[in-house]
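What follows is a short report on a single structure.
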Amino acid sequence: MGAYLEKPVTEKHLENGKSDEVQYGACTMQGWRANQEDAHNCILSLEEGWNMFAVYDGHGGSEVSQYTADHLPKFLKNKDFLKSSDSLTEAFQKLFVEFDDVLRSESVLDELKRIYEASKGSPAASIHSSDEDDRIKTIEESELPLEDLIMKYGVAVLNNGPLLTQKIVDMVGKNRKRKQSNDPTDDSKRSKNTAKLKKELAGDEKSEKVEEVEGDDAVGDVKESAEKDEKATAEEATEKHEDDDDEDDDSDYEYSATEDAEKPVKAGEGDAAGVSESESDDDEEDEDEAEGEEESGEDEEDDEEIDQRQFRLNRNVYDMGDIPGEDSGTTACVCFMSDTKIVVANIGDSRAVLCRAGKAIDLSVDHKPEDKIERDRIENAGGIVNEEGRVNGGLNLSRAFGDHSYKKNDSLPLQEQMISALPDVHIENRDVQDEFIVVACDGIWNSLKSQEVVDIVRLGFKEGKSCEQLSGELCDACLADSTAGDGTGCDNMTVIVIKIGSQ
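Position one of the sequence shown corresponds to residue 376 (the numbering used here), numbered consecutively onward.
The structure is reproduced here in structure tokens:
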């Protein structure tokens, strides 16, 4: 569940435009979400004979989607990709990855930080104080499985000790209180997980301080150890964290132009830990443990090795704190139209749909972590897709701009990281039966199927409604009455309706 408001924001931001060949209308609506993180482009004649329409569905903040809407059109135009010798597919794939590389340059990271800071003072952001946001985040995380909490905060626990140990203990406690009556766990598995949790949280030097316990008692004992032995350290860490926050609030971030992307595209560098880092030490520990537990059977050894590997890999991937561009990103569904072709480059789960003679034709494919091609890439990069379809217990999509905390495997190129900006490109030749195109974020597609959207828009045109009016009606049709359900209809919504030809 995301951060929801008590009442939805139903104010619509509308726009429209037309040329001799095309007319369009767009609507964006915040809905139940605490913040609007979508952005979009509607640009007639970006290049001679080519129009551009795009939707960017941000997550973790609006900074990457906003920056992409502001800069991607110019970036593409400056590359003259429509005139290059490469095929349109190769050109889009190359330039999307290059743009993603630009997003981690120092100047752009500064700009993303400036956008993030500015958004905190916007009317939409002021609906929730930072305390309220923390409260919402804590509620969300208290619902996460224990394994996902370890994935998310593992590296922070190992680095910061008591402060983050206490955070996990508190969340796990809340989670178990809610689920203890209806989610029994096998005792042997629980004991095994408890031992592993003690080792990873307490560390080798402090493992002696945590008594051997099983079941729910593990939470209480770890909590007691953190309170008694490391209370002072936690207070110091809290004070240091507050000082750092004050320094960040006083910082000024000046706008910097996008750096030249004509450079080799490599994975994360600098302070970020690569997946292979500290692998040898951990492998030695695994070997020692395996030798002492041969009598337990090969199957148990294999399970332990997999568990240890999973934790190590996620430990290297995650970094505590919300860093614009590192812990935020955006989908991108970009549609270029000429008088002869429709070209769609897509990353993520926004979607473009063409209506041809009343039939819906998907011009893009939603990228979900559980899909085989996505899962294979994620696992090859050292990631894990959990049962809920989330990468390392976090992101529930597999391709995006930004999200560079998932792109730290030094041995792989940028497009082969867990989260990739390599787009699928669909090219469709124009047909006399083409009527219109709808480009929208998943706030629409999670509520309505492609054909349902086509039917609504087609009927609206027959009734004399405009593209702008229909885009707004689609948002209203998808808005949930409350947040009591599964989240459908509670997302930000952005829709572009593009009428083509003489229909």
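Built from N, CA and C at the ideal position, the CB exists for glycine as well.
Since the structure is predicted, the reported quantities are computational estimates derived from the model, not experimental observations.
message: Would the stretch 472-484 count as touching the stretch 725-738 if we require 3 or more Cβ pairs under 8 Å?
response: no
- prompt: Nearest to residue 800 by alpha carbon, out of 481, 738, 492?
  reply: Translated into positions along the sequence shown, residue 800 becomes position 425. For residue 800, the nearest C-alpha among the options comes from 738.
- request: Jot down the residue ranges of each uninterrupted beta strand (DSSP E) in the stretch 769-854, minimum 3 residues, whole runs only, in chain order.
  value: 799-804, 809-815
Within 9 Å, strictly: CB atoms of residue 797 and residue 722: What you label residue 797 is simply residue 422 of the sequence shown in a count that begins at 1. What you label residue 722 is simply residue 347 of the sequence shown in a count that begins at 1. Result yes, Cβ atoms of residue 797 and residue 722 sit closer than 9 Å.
field: Which listed residue (850, 876, 873, 861) has its alpha carbon closest to that of residue 404
entry: On the sequence shown, position 29 is the one that residue 404 refers to. For residue 404, the nearest C-alpha among the options comes from 850.
- request: Look at the alpha carbon of residue 697 and the alpha carbon of residue 704, and state the distance between them as a whole number of angstroms.
  value: Working through the sequence shown from its first residue, we reach residue 697 at position 322. Working through the sequence shown from its first residue, we reach residue 704 at position 329. Their Cα atoms are separated by approximately 12 Å.
message: Please state the DSSP three-state secondary structure of residue 625.
response: Your numbering for residue 625 matches position 250 in the sequence shown. Summary for residue 625: the model assigns pLDDT 40, below 50, so the residue's position carries little reliability, and this model does not support an answer.
- prompt: Going by beta carbon distance, what residues of the same chain come within less than 7 Å of residue 383, once the five residues before and after it are set aside?
  reply: The residue given as residue 383 occupies position 8 in the sequence shown. Counting only Cβ-Cβ distances below 7 Å, and skipping sequence neighbours, we find 406, 407, 854.
- prompt: In angstroms, rounded to a whole number, what distance separates the CA positions of residue 491 and residue 412?
  reply: For the purposes of this step, residue 491 is taken as residue 116 along the sequence shown, with counting starting at 1. For the purposes of this step, residue 412 is taken as residue 37 along the sequence shown, with counting starting at 1. One C-alpha to the other measures close to 11 Å.
task: Going by DSSP, name the residue or residues bridged to residue 398.
output: The residue given as residue 398 occupies position 23 in the sequence shown. The partner list for residue 398 (beta bridge, DSSP) reads 393, 874.
task: Would you give the residue range spanned by the beta strand (DSSP E) that residue 419 belongs to?
output: Taking the sequence shown and counting its residues from 1, the one referred to as residue 419 is at position 44. Segment 413-422, the beta strand (DSSP E) holding residue 419.
task: Provide the residue(s) that pair with residue 450 in DSSP beta bridges, ordered along the chain.
output: In the sequence shown, the residue the question calls residue 450 occupies position 75. Bridge partners of residue 450: none, in fact.
- prompt: For residue 448, which residues from the same chain have a beta carbon less than 7 Å from its beta carbon, with the 5 sequence-adjacent residues on both sides left out?
  reply: For the purposes of this step, residue 448 is taken as residue 73 along the sequence shown, with counting starting at 1. Hits under 7 Å: 416, 418, 421, 427.
message: Rounded to whole angstroms, what is the Cα-Cα separation between residue 454 and residue 402?
response: The residue you call residue 454 lines up with position 79 of the sequence shown. The residue you call residue 402 lines up with position 27 of the sequence shown. Distance between the alpha carbons of residue 454 and residue 402 is about 29 Å.
field: DSSP-derived helix/strand/coil call for residue 473
entry: The residue labelled residue 473 in the question sits at position 98 within the sequence shown. Here residue 473 sits in helix by DSSP.
field: Under the three-state DSSP convention, the category residue 490 falls into
entry: By one-based count along the sequence shown, residue 490 stands at place 115. Three-state result, residue 490: helix.
task: Determine the burial state of residue 859: buried for a count of at least 16 other Cβ atoms within 10 Å of its Cβ, exposed for fewer.
output: Sequence index remark: in the sequence shown, residue 859 carries index 484 (1-based). Exposed: under 16 other Cβ atoms inside 10 Å.
message: Cutting at 6 Å between CB atoms, please list the residues of its own chain near residue 778, excluding the five before and the five after it.
response: Here residue 778 is taken as the residue at index 403 of the sequence shown, counted from 1. So the qualifying residues of the chain are 704, 794.
query: For residue 431, which option in 774, 714, 822, 461 has the closest C-alpha, if you only look at C-alpha atoms?
result: The sequence position of residue 431 within the sequence shown is 56, counting from 1. Measuring from the Cα of residue 431, the nearest candidate turns out to be 774.
field: Residues of its chain near residue 756, where Cβ-Cβ distance is below 7 Å and the 5 sequence neighbours each way are ignored
entry: Taking the sequence shown and counting its residues from 1, the one referred to as residue 756 is at position 381. Closer than 7 Å at Cβ, skipping near neighbours: 784, 787, 791, 792, 793.
query: Is the stretch 818-838 close to the stretch 861-878, with three or more CB pairs under 8 Å?
result: yes
- request: May I ask you to list the residues that DSSP assigns as paired with residue 737?
  value: The residue labelled residue 737 in the question sits at position 362 within the sequence shown. 728, per the DSSP bridge assignment.
field: residue 386 burial status per 10 Å Cβ neighbour count (16 or more: buried)
entry: Indexing the sequence shown from 1 puts residue 386 at position 11. Flag for residue 386 reads exposed.
field: Exposure label - residue 782; buried when at least 16 CB within 10 Å
entry: Working through the sequence shown from its first residue, we reach residue 782 at position 407. So residue 782 ends up on the buried side.
query: Between residue 607 and residue 815, what straight-line distance do the alpha-carbon atoms span, to the nearest angstrom?
result: Taking the first residue of the sequence shown as position 1, residue 607 is located at position 232. Taking the first residue of the sequence shown as position 1, residue 815 is located at position 440. The pLDDT assigned to residue 607 is 47, lower than 50, so where the model puts this residue is not dependable; a value taken from the coordinates is nonetheless given after this. Approximately 51 Å, taken between the alpha carbons.
- prompt: Between the Cα of residue 724 and the Cα atoms of 390, 434, 400, which residue gives the shortest distance?
  reply: Within the sequence shown, numbered from 1, the residue matching residue 724 stands at position 349. Residue 724 has its Cα closest to that of 434, out of 390, 434, 400.
field: When 450, 715, 380 are compared against residue 396, the one with the closest alpha-carbon
entry: Translated into positions along the sequence shown, residue 396 becomes position 21. Here the closest residue by C-alpha is 715.
query: By DSSP, does residue 443 sit in helix, in strand, or in coil?
result: The residue given as residue 443 occupies position 68 in the sequence shown. DSSP places residue 443 in helix when its eight states are reduced to three.
query: Once you ignore the five residues that flank residue 709 on each side, which residues in its own chain have a CB closer than 6 Å to its CB?
result: Looking up residue 709 in the sequence shown gives position 334. Only 429, 720 meet the Cβ criterion.
- prompt: Apart from the five residues on each side of it in sequence, which residues of its chain come closer than 8 Å, Cβ to Cβ, to residue 848?
  reply: One-based indexing of the sequence shown puts residue 848 at position 473. If we look at residue 848 and ignore the five residues flanking it on each side, its Cβ neighbours are 831, 835, 840.
message: My output table needs one value for residue 697: the three-state DSSP class, helix, strand or coil.
response: Residue mapping note: residue 697 aligns to position 322 of the sequence shown, counting from 1. Reduced to three states, the DSSP call for residue 697 is coil.
message: Relative to the C-alpha of residue 822, which candidate in 776, 812, 863, 480 has its C-alpha closest?
response: Taking the first residue of the sequence shown as position 1, residue 822 is located at position 447. Residue 863 is the option with its Cα nearest to residue 822.
task: Label residue 462 either buried or exposed according to how many other C-beta atoms from any shown protein chain fall within 10 Å of its C-beta, with 16 as the threshold for buried.
output: Position 87 of the sequence shown holds residue 462. Exposed, by the Cβ-count rule.
Cβ neighbour criterion (16 or more within 10 Å) applied to residue 572: Taking the first residue of the sequence shown as 1, we reach residue 572 at position 197. In this predicted model, residue 572 has a pLDDT of only 47, less than 50, meaning its place in the structure is not dependable; the value taken from the coordinates is given anyway. With 16 or more other Cβ atoms within 10 Å, it is buried.
- request: Would you identify the three-state DSSP class for residue 433, choosing helix, strand or coil?
  value: Position 58 of the sequence shown, counted from the first residue, corresponds to residue 433. Correct three-state label for residue 433: strand.
message: For residue 743 and residue 770, I'd like the C-alpha separation in whole angstroms.
response: Here the question's residue 743 lines up with position 368 in the sequence shown. Here the question's residue 770 lines up with position 395 in the sequence shown. Between residue 743 and residue 770, the C-alpha separation is close to 10 Å.
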